[in-house]
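Here the sequence shown is numbered in the numbering used here, starting from 1277 and rising by one per residue.
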Amino acid sequence: MNPPKKTESKSPFNDVDSAHRIIEAMKKCGNSIEDEQAFIDRLRHVEYGLSAEVECSAILAWLGNCSLVHKMSAEGYIPPDLKIPDLFAVFEKNGQVLKTFIEVKSTKDLKLRWNDAYHMKLKNYCNIMGHPLLLSWKVRPFGQWILLDPATSGLVKNGRIDLCDAMPQNLMGSVAGDFTVTPKSGIGIHFNGQVLKKEKVSKTVSKVNMKINKCFFGDSKGNRFDDLSQSEIALIMMLAKNQYYHEDEDKEAAKWGYVTSDINDINSEEQTFVSGQDLLRFLVGFSKKDNERIAWREVIQGLNDTISRDDLLTELSSNFGSTVQWIFFLKPKTEPSMLNKEWYKGNRLNK
């Protein structure tokens, strides 16, 4: 019989001791924490930067064209006119290989500071190593990573990059393998039930107690979908946001559910498409609580256990007309010189 495990007692002094160690470490680094909020803001800024690099790496690795991505180290002697980029990545497509450095940025604003001096330091390092520089930028409220060639003409204006100028030049599809999916209108999750009790709360609001008799995934006409793939379920769960409710004439039975928006309705405020990276976030974050952040380091370690980009895209492509309306492979407005014609041949559904 195994002896009971000893549980480590939690001392109220543990947190204090940890705080003391942090304070001493900060003092040794020459930093002051007299302004507590400024100190917290600095820590949060660093944490955002580190987690952004890991998230970017995970998404690039999953999108399929990236065969290698890792963080760069700034240890050693670095001349003042050089700056080491955040990541090194290798992309492969159609037998072509692109080795590149990537600088990672994450902002809450729609504009990114990018001055010539900063760019030149990065470029100097890339020139020495013989590989081009790319910029990966995420506007956090927007939620999408975009990949840019910072040398693109007209991209940087007055030391800043505007999101509206960056989107047409996005290389996330061409280089990394991202794509955009639009589902069929009116597909979603449907319920059939019995009205047990109905109470009018106001002129426009009623409280209804229901007994659910049937629940299924189906189209706009109520036809049931059988054997939906993992990717189709994810697509429906992400975009089926329009709620409907209908009662029969005797008010004893009702149908209701959540369906996707009409893709032809230009006045609709609901999202009608998702990107590949959106689908990955949903798949790895579905079980998370609201506002709980995804542990991207764990995602990277478990990529082999996650449905691949190629398998997911193959599933979606095989369901055109039933659940999928369109799949877009977007190219940039300006094709970068680092990509040749062979790179653009076809759209890879499978390796």
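Quick reminder that beta carbons are idealized off the backbone N, C-alpha and C, glycines included.
In the DSSP assignment, the residues bridged to W1532 are F1467, Y1521.
Residue state for D1438 is assigned as strand, using DSSP reduced to three classes. H1395 and P1355 have their C-alpha atoms some 15 Å from each other. When DSSP reads this structure, K1474 sits in a beta bridge with V1484. Between A1334 and S1382 the beta-carbon gap is near 14 Å, outside 8 Å, which marks them as no contact. Here G1462 is near T1536, since their CB atoms are less than 9 Å apart. Per DSSP, K1347 lies in no alpha helix (DSSP H) segment; the continuous beta strand (DSSP E) that holds it begins and ends at 1342 to 1347. Burial state of T1376 is buried, judged by a 10 Å Cβ sphere holding 16 or more other Cβ atoms.
C1491 is bridged by DSSP to F1467. Secondary structure of I1576 (DSSP, three-state): helix.
Between the C-alpha atoms of R1389 and A1442 there is a straight-line separation of about 13 Å. Following the DSSP letters along the chain, one finds T1376 inside the beta strand (DSSP E) bounded by residues 1372 to 1383. With the rule of 3 Cβ pairs closer than 8 Å, the stretch 1446 to 1465 counts as touching the stretch 1611 to 1623.
Only buried fits Q1553, as 16 or more other CB atoms lie within 10 angstroms of its CB.
Collapsing the DSSP output to three states places T1590 in a helix.
For T1428, the CB contacts under 6 Å within the same chain, skipping 5 residues up- and downstream, are Q1445, T1610 in chain order. Counting C-beta pairs with one atom in each stretch, the stretch 1504 to 1512 and the stretch 1594 to 1605 have three or more that are closer than 8 Å, which means they touch. For K1369, the enclosing beta strand (DSSP E) covers residues 1363 to 1369.
Rounded to whole angstroms, the separation of the alpha carbons of H1346 and V1575 is 15 Å.
Contact check between the stretch 1412 to 1432 and the stretch 1569 to 1586: fewer than three CB pairs, one atom from each, fall below 8 Å, which does not count as touching.
Leaving aside the five residues that flank C1491 on each side, the residues in its chain whose CB is nearer than 6 Å to its CB run, in chain order, F1467. By the CB criterion at 9 Å, L1398 and K1359 fall inside the cutoff.
Note on geometry: alpha-carbon atoms of A1529 and E1475 lie some 15 Å from one another. Excluding the 5 residues flanking it on each side, I1539 has same chain C-beta neighbours closer than 7 Å at T1458, S1461, T1548, Q1601, in chain order.
A residue is called buried when at least 16 other Cβ atoms come within 10 angstroms of its Cβ; G1371 does not meet this threshold and is exposed. Residue environment analysis places A1337 among the buried positions, since at least 16 neighbouring C-beta atoms fall within 10 angstroms of its C-beta.
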